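Numbering (the UniProt record's numbering), first residue to last: 1 to 445. First up is the structure itself, then whatever we jot down about it.
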RNA sequence: GUGGGUAUAGCUCAGUCGGCAGAGCGUCUGGUUGUGGUCCAGAAGGUCGCGGGUUCAAGCCCCGUUACUCACCCCA
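This is the structure in structure tokens:
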């Protein structure tokens, strides 16, 4: 059971919960590196001017000020603030280090981010994001849009989170469609279509009529597009059947088709073409991704991103990119809440070395050192309490083995779960591989 | 930022009409004096969120406040 933090929105896990989070982080790191992504870390703060480049989100940003100085971060673009995602800092990093990087540059970045939003289930003010992006110099082949969807599907598949769906759409497809319909405020249409799942078609239609000046037919057509959802290439025929024509629409169909075609082959069942996905942020220009846990759709997206033709600019150079961001904290909070993953024990210790007499502590440390030298985590009792108490100490922590040294200098090790106690040699004894370190087990559904 | 709900032991929660602060679980100790888990007995553990008011008397009623929480907004 996930414990609620004392400061809302700033979660702090217990040791066994943190083990689950570490397992997620280790798994992501391993998957990303297997696919050749380099890691970078950027500073926690950016200037306000830098952060607000991509939109009016100043309400979400935590400013930094020195208490003594009584400074106000107010409107000063040079004031410092905590980053609220990893994409904007990465864009700055790319520009500043362009001369040292080789493009296309693929990097992953796993860090805390901060947002001054009202916390709720699965929504935090301090949380960890795991980003992967590929950024090019001037151009970036579309194949990366396909590749990133597959890398993310693989990464999520390696986690004990149950079934998920990576929903993919394409901005060009949607915008071309709206333009072909004669709706020029494509951003406005997108913004309202994005609410479809939450508020339903009738209310979205009202919004389209009121806010973007669509006719009833135009609104119906936009809604019809958004209702298309297929796990194969058939979405293309369904779009064509709506009878709208536009050059941008054709481009979008071709691009989304490429992602879906490859996903069907390489990640079957994980990717769905979902033409209702819009994504709130307006810097996406092509592919957009959003991921939900099947059965936990209300939690919101656990991973999203997209293609942006201009991640950053430097002089007359532009750096297009495509990337996705996994909401690690949201994911972990869900895994803890529904106990879909639990640590096999609370501590790293595999062997608890007991003490027969208080003055045998140093000898016990010699035993522990021999075990540690072979990669076995060992801990020595602090006082020679009754063996019953020492065993209980280990049992409460889930330590699987208790070590006894006899008066004659021989050793025995007890498996605390079976009660089986055998003669053992500290120079050669090994626990079973699954007992060496805490394991994260997926609950069997 | 807007609206609703909640706040009592480490955890989950009772607390009647305003009249001595409670239970279960957990923790600790002992039974069992150097091999745990079960069982039995006992113990410790409280700023009743905080501040004010009404009253002979407030966990309970009134006002304020803070935190938490759900929804809106927005997003991982």
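Every residue gets a Cβ at the ideal spot worked out from N, C-alpha and C, and that includes glycine. Since the structure is predicted, the reported quantities are computational estimates derived from the model, not experimental observations.
Q) Mapping DSSP to helix, strand and coil, what is residue 243? A) In the structure shown, residue 243 adopts coil according to DSSP, grouped into three states.
Q. If residue 415 sits next to residue 401, beta carbons under 8 Å apart, how far is it from one beta carbon to the other, in whole angstroms?
A. Residue 415 to residue 401, Cβ: 6 Å. Contact.
Q) In its own chain, which residues sit with a C-beta less than 6 Å from the C-beta of residue 196, not counting the 5 before and 5 after it? A) Hits under 6 Å: 204, 226, 276.
Q: Return the chain-ordered list of same chain residues with a C-beta closer than 8 Å to the C-beta of residue 437, the five sequence neighbours on each side being excluded.
A: Excluding positions up to five away in sequence, the list reads 348, 350, 377.
Q.
For residue 63 and residue 112, what's the separation of their Cα atoms in angstroms?
A. Near 15 Å, if we compare the C-alpha coordinates of residue 112 and residue 63.
Q | Reduced DSSP category for residue 276 - H, G, I as helix; E, B as strand; rest coil | A | Residue 276: coil per DSSP, three-state reduction.
Q) To which residues does DSSP link residue 291 through a beta bridge? A) DSSP lists 166, 303 as partners of residue 291.
Q) For residue 355, which of helix, strand or coil comes out of DSSP? A) Coil.
Q. Beta-carbon separation of residue 224 and residue 207 under 7 Å?
A. No, the pair does not count as a contact, with Cβ atoms beyond the cut-off.
(Q) With a threshold of 6 Å on Cβ separation, who are the neighbours of residue 391 within its own chain once the five nearest residues in sequence on each side are excluded? (A) Leaving aside the five residues that flank residue 391 on each side, the residues in its chain whose CB is nearer than 6 Å to its CB run, in chain order, 402.
Q) Are there 16 or more other CB atoms within 10 angstroms of the CB of residue 83, so buried, or fewer, so exposed? A) Burial call: buried.
**Q.** Range of the contiguous alpha helix (DSSP H) that encloses residue 399
**A.** For residue 399, there is no enclosing alpha helix (DSSP H), as DSSP marks it with neither H nor E.
Q. Can you name the start and end residues of the alpha helix (DSSP H) that residue 270 belongs to?
A. Element bounds for residue 270: n/a, residue is neither H nor E.
(Q) Relative to the C-alpha of residue 286, which candidate in 300, 306, 297, 141 has its C-alpha closest? (A) The shortest Cα separation from residue 286 among 300, 306, 297, 141 belongs to 306.
Q) Should residue 410 be labelled buried (16 or more other beta-carbon atoms within 10 Å of its own) or exposed? A) Its Cβ having fewer than 16 others within 10 Å, residue 410 is exposed.
Q: Measure how close the beta-carbons of residue 312 and residue 151 come, nearest whole angstrom, since I'm counting them as under 8 Å.
A: Separation of the CB atoms of residue 312 and residue 151 is rounded to 22 Å, and the pair is thereby denied contact status at 8 Å.
Q) Since residue 131 is in the beta strand (DSSP E), which residue starts that stretch and which ends it? A) Unbroken beta strand (DSSP E) run through residue 131: 126–135.
Q) So, residue 129 versus residue 325, is the Cβ gap smaller than 7 Å? A) Residue 129 is a Cβ neighbour of residue 325, given a cutoff of 7 Å.
**Q.** Continuous beta strand (DSSP E) assignments of at least 3 residues falling wholly in the segment 58–121
**A.** The segment 58–121 contains these whole beta strand (DSSP E) runs: 80–82, 105–114.
Q: Please list, in chain order, all residues of the same chain as residue 267 whose beta carbon is under 7 Å from its beta carbon, the five residues on each side excluded.
A: Cβ within range, chain order: 150, 153.
Q) Between the Cα of residue 31 and the Cα atoms of 397, 251, 155, 387, which residue gives the shortest distance? A) Out of 397, 251, 155, 387, 155 has the C-alpha closest to the C-alpha of residue 31.
Q: Please confirm whether any heavy atom of the ligand NAP lies closer than 6 Å to the CB of residue 207.
A: Looking at this structure, you won't find the ligand NAP or any other ligand, since it has none at all.
Q. Around the C-beta of residue 430, are 16 or more other C-beta atoms found within 10 angstroms, so that it is buried, or is it exposed?
A. Residue 430 should be labelled exposed.
Q.
If I measure Cβ to Cβ from residue 13 and keep anything under 7 Å in the same chain, skipping five residues before and after, which residues do I get?
A. Excluding the 5 residues flanking it on each side, residue 13 has same chain C-beta neighbours closer than 7 Å at 21, in chain order.
Q: Assess, as a yes-or-no matter, whether the segment 247–260 is touched by the segment 171–188 under the definition of 3 or more beta carbon pairs within less than 8 Å.
A: They touch, by the three-pair rule.
Q. What three-state label does DSSP hand residue 147 in the structure shown?
A. Here DSSP, grouped into helix, strand and coil, assigns residue 147 to helix.
Q: Pull up the DSSP beta-bridge partners for residue 317, would you.
A: For residue 317, which the question treats as bridged, DSSP gives the partners 314.
Q.
I'd like to check one pair, residue 132 with residue 37: are the Cβ atoms closer than 7 Å?
A. For the 7 Å CB-CB criterion, residue 37 and residue 132 form a contact.
**Q.** Own chain partners of residue 442 with C-beta closer than 7 Å, once the 5 adjacent residues on each side are dropped
**A.** In chain order, 160, 340, 341 place their CB closer than 7 Å to the CB of residue 442, counting only its own chain and leaving out the 5 sequence neighbours on each side.
Q: Using only alpha-carbon positions, find the residue among 214, 164, 200, 375 that is nearest to residue 185.
A: Ranked by Cα distance from residue 185, the first of 214, 164, 200, 375 is 214.
Q: Determine the DSSP secondary structure at residue 421, reduced to helix, strand or coil.
A: For residue 421, the secondary structure class from DSSP, reduced to helix, strand or coil, is strand.
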